[in-house]
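Quick note: the sequence shown uses numbering that gives the first Met the number 0, first residue 0, plus one each step. Note that the Cβ used here is the ideal one computed from N, Cα and C, for glycine as well.
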Amino acid sequence: MPELDITLLDLDDATVVGEWFALRERSFALDLPDDPAPDRDDVITSITHPRPGLVPEEWVALLDGHVVASMRLGFHTIENRHIAQVGGCVDPGHRRRGIGRALWNHALDRMRAKGCTVVQATAFVPAEGGADRDRNGSDFLTAMGAEVKLHEVRRRVELSTVDEEANGALLADAWNHAEGYELRRWVNFTPADLIDDVAYLDGRVLTDSPTGELDVEAFKVDAARVRDAEAAAAARRRVGIHVALVHAESGRVAAWSCLAHGADHKGFASHGVTIVDPDHRGRRLGTVVKLELHRYAKAVTPGLRVVDTYNAADNGHMIRINELVGFRPLDAVAEFQGDVKP
């Protein structure tokens, strides 16, 4: 095989960028045929306008001057600075030729240079009752010495198939248990009177959700970081749709749920957060915000057809809520972790 040239993606090189994105389209069409094709602007702006606390590096592998693989590295700058994240794809016509291994070794060199000691990566795998998925990504990560530390299941709801009468009754019953809470809704930018509480709940996500055996530190979130994340999303033309329940007596946000989609969403959106403050659990608030969010999202985005959500396989409480709402398994994500040896 001719020598492989691994280099940072030059966003000013139109030819390389075109080949790089075409590679992503081919790979996604083969590996995740149930998902919409990636949006070029959204993918590029995820590099130029990342979320706060993350510095991405996009690498491409060139063979005879043409892009045959790509790799995204993510380095943390606030918490979790010992961790590097890696993801990538190899052109379907060039797989099983050692290109993925060459990229992996290059990634480890970059991680050592950054002082990282832990590498994390994910791979889609089949889920019971879901779509077929090959295990190429999972097998590759295992061969690289990484181990699965957390299993998540992706569930999808087709909004046109939802039993609206049943969901309406479910919501009405949940509201009966949520007396003393007021509904707030917004798009993109969090209202100033709620932002501190939203930041607090956002910072609890990794504390409250199962993280398996992953070596991960909870995010330190404050109002400024929320605003920075919103600005990055706006630069990417992402649309964030939110609902919250405010405890009338205290004025504090007790529950919050959100989803997001791109400007060219093709009818698809993905859940971000659904969380209830520990002091307010046991009142069906999670069910209320989930169902109210779907109602609001359909009004904000009339063409919305599909919503995805991810849950740790052992997060039984949230899984029960999601399945009541209409979500069904699509596939699973194996979250891998390995050591970056000196």
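Worksheet item: Who are the near neighbours of V204 in its chain, counting only those whose CB is closer than 7 Å to its CB and skipping five residues on each side?
Response: V272 and I274
Worksheet entry | Proximal residues to A254 (C-beta, below 6 Å), its chain only, five neighbours per side dropped | L244, V275, L284 and V288
Item to complete: Go ahead and label R132 buried or exposed: buried means 16 or more other beta carbons lie within 10 angstroms of its beta carbon, across all protein chains shown.
Response: buried
Practice prompt. Determine the extent of the alpha helix (DSSP H) in which F27 is found, giving its start and end residues.
Written response: A13 to D30
Discussion item. Just verifying my parser: in three-state terms, what is the DSSP assignment at H48?
Written reply: coil
Discussion item. Please identify the residue among P301, Y295, L7 and M110 whose C-alpha is closest to the C-alpha of W185.
Written reply: Y295
Item to complete: Report yes or no: do the stretch 10-28 and the stretch 186-202 share at least 3 C-beta pairs separated by less than 8 Å?
Response: no
Item to complete: Report yes if the CB atom of T47 is closer than 8 Å to the CB atom of V339, and no otherwise.
Response: no
Worksheet item: What is the C-beta distance between V59 and T121, in whole angstroms, given that I count them as a contact (C-beta under 8 Å)?
Response: Not really, about 20 Å apart at Cβ, beyond 8 Å.
Worksheet item: Which runs of the beta strand (DSSP E) spanning at least 3 residues fall entirely within the stretch 27-103, listed in chain order?
Response: 53-62, 65-75 and 82-89
Worksheet entry | Straight-line gap, P51 to A228 (C-alpha atoms, nearest Å) | 6 Å
Fill in: Cβ contact check for the stretch 36-44 and the stretch 62-73: 3 or more pairs under 8 Å
no
Discussion item. Using only the alpha-carbon positions, how far apart do G325 and S159 sit?
Written reply: 11 Å
Item to complete: Tell me whether F139 sits in a helix, a strand or coil according to DSSP, three-state version.
Response: helix
Fill in: Continuous alpha helix (DSSP H) stretch holding A230: start and end
A222 to A234
Worksheet item: From A231 to P49, what distance separates their C-alpha atoms?
Response: 6 Å
Worksheet item: Which residues in the same chain as G129 place their Cβ atom closer than 6 Å to its Cβ, once the five residues preceding and following it in sequence are excluded?
Response: P328, L329 and D330
Discussion item. Just verifying my parser: in three-state terms, what is the DSSP assignment at A298?
Written reply: helix
Fill in: DSSP three-state assignment for N175, whether helix, strand or coil
helix
Discussion item. Using CA atoms only, rank isn't needed, just tell me which of V66, E322, D34 and E56 is closest to A21.
Written reply: V66
Fill in: Coil, strand or helix - A262 by DSSP
coil
Discussion item. In whole angstroms, give me the CA-to-CA distance for G114 and G73.
Written reply: 13 Å
Worksheet item: Where does D278 fall in DSSP's three states?
Response: helix
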